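Protein chains in written order, with full-length UniProt numbering: chain A, 1 to 215; chain B, 1 to 215.
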DNA sequence: TAATATTTTTAGCTTTGTCTAAAAAATAAA
DNA sequence: TTTATTTTTTAGACAAAGCTAAAAATATTA
Ligand SMILES: [Mn+2]
Ligand SMILES: [Mn+2]
Ligand SMILES: [Mn+2]
Ligand SMILES: [Mn+2]
């Protein structure tokens, strides 16, 4: 499988979770920063290889084979992210780009030994679950901060948006995985939330609250 | 720079040491398992980028810029080989293929942090020197086992041939970097050498003796 | 339901890196 | 120093992955 094919598979996998009735050509193009016509070409190729079920104009689905391949790429990506943070001292906002390259290195032994070296981690630096060698991964009951009731104290366990901008905002506010958060007030008008973290009070927008996973 | 360009540069770099009066098109083709016509095309491209000095029919030389680029790829390759052996438990005959892929990951921070994580190693698992971030690397006075006089006891410090076949032969004979070797006899007729290693006597061919570096 | 807008696909072109076959240059042999 | 051989380059073609512009299908709106 080529790097390009792997990138398409991974994007289809991520989009499948959001739109379970077939992934759109345009959605894929948007994620890969390419054109719809290029996506159509690739879908035919992936279909020939039986990695996706594709019918003209009807959206695309991963086959079981395609889903497993996608999970293995996600596994690689997230294990490398753990390596970069835990072993090489990268910050959580610096790892994604490099992991995008490392995830395509083809070696079963490499990834399984890396997994072992890292002590079989269950989650990556952004709180996302890491599939094991069989493609199984933990499902954790997590909620968005925006859904939490006033007065509750919860813990940050992940981010929905993993963009550098968002992660650096969180750095600035000293919010990281494991940070405890108490919801003090919610503004009905615009969804703004007042929270307490690290013994300080902070007002965050609904956009922030909609991208922080807590438990 | 593309992966393909990097592979050409690296091969030209390695061949330059052997043929300092210009590297031949066919030699490059042989190393990369490609055709001479493809090499010619690439040489023009590398020349346009001022990575090599190339004149039709006259062989090719690396420019200073090209030499530094090549050294950085060699640096990546050898650091990853150290990582695979030291941290992930690979054997020295298992690392080359994976390192061929890892060496092309583009990230200054990645490679410099890896270097630090590995404690700034000077040599890779095959005894080859690792260039530092500036492209400098140690030169060590080493000889081929075939050049050693009878009666001398020396230490294995590297291999000239890094093929899987040769490395596995050495595994079988329990020869690795650091192994002490005493030269007992040399056969004038065919260059066969009788040596003592690990308190055992072993007869090796001239081909073996010509591919083992000792000091 | 008919007209309009959006999405998706097709057709045809481009770039990168490869190939084969033929031509040209350099080397070696006679 | 011709002739033959080997090496290298050129010419033309191909597959992968992308693009633009136009056509076709689907979805939306009036
Ligand atoms: Mn990532
Ligand atoms: Mn991640
Ligand atoms: Mn190697
Ligand atoms: Mn090596």
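For every residue, glycine included, the Cβ atom is placed at its ideal position computed from N, Cα and C. Fair warning: this is a prediction, and the values are worked out from it, not measured in the lab.
Within chain A, the residues whose beta carbon sits less than 9 Å from that of residue 105 (chain B) are 98, 101, 102, 105, listed in sequence order.
Minimum Cα-Cα distance from residue 70 (chain B) among the listed residues B:160, B:132, B:92 corresponds to B:132.
With a threshold of 8 Å between beta carbons, residue 117 (chain A) makes contact with chain B.
Contact residues of ligand 1 (beta-carbon closer than 6 Å to any heavy atom; chain order) are A:77, A:81, A:96, A:99, A:162.
Exposed is the label assigned to residue 150 (chain B), since fewer than 16 other Cβ atoms lie within 10 Å of its Cβ. Per the DSSP secondary-structure output, residue 18 (chain A) pairs with nothing in a beta bridge.
In this structure, the alpha-carbon of residue 79 (chain B) lies about 20 Å from that of residue 5 (chain B). Runs of the alpha helix (DSSP H) spanning 4 or more residues and lying entirely within the region 146-214 of chain B occur at 164-172, 206-209, in chain order.
The alpha helix (DSSP H) runs of length 4 or more contained entirely in the region 41-99 of chain A are, from start to end of the chain, 64-86.
Within chain A, the residues whose beta carbon sits less than 9 Å from that of residue 113 (chain B) are 84, 87, 88, 89, 90, listed in sequence order. Here the region 135-150 of chain A makes no contact with the region 111-127 of chain B; the two share fewer than three CB pairs at distances below 8 Å. For residue 14 (chain B), the distance from the CB to the nearest heavy atom of ligand 4 is not below 7 Å. Chain-order list of chain A residues neighbouring residue 79 (chain B): empty, with the shortest C-beta distance near 12 Å, by a criterion of under 7 Å. For residue 110 (chain B), at least one C-beta of chain A is nearer than 8 Å to its own C-beta. Separation of residue 108 (chain A) and residue 185 (chain A) (C-alpha to C-alpha, rounded to the nearest whole angstrom) is 50 Å.
The Cβ atoms of residue 157 (chain B) and residue 125 (chain B) do not sit closer than 8 Å to each other. Contact between the region 160-179 of chain B and the region 86-93 of chain B is present, with at least three C-beta pairs closer than 8 Å.
At least one heavy atom of ligand 4 lies less than 7 Å from the C-beta of residue 125 (chain B). With a threshold of 7 Å, the Cβ atom of residue 93 (chain A) does not count as near ligand 4, since no heavy atom of the ligand is closer than that. For residue 31 (chain B), the enclosing alpha helix (DSSP H) starts and ends at 25-32.
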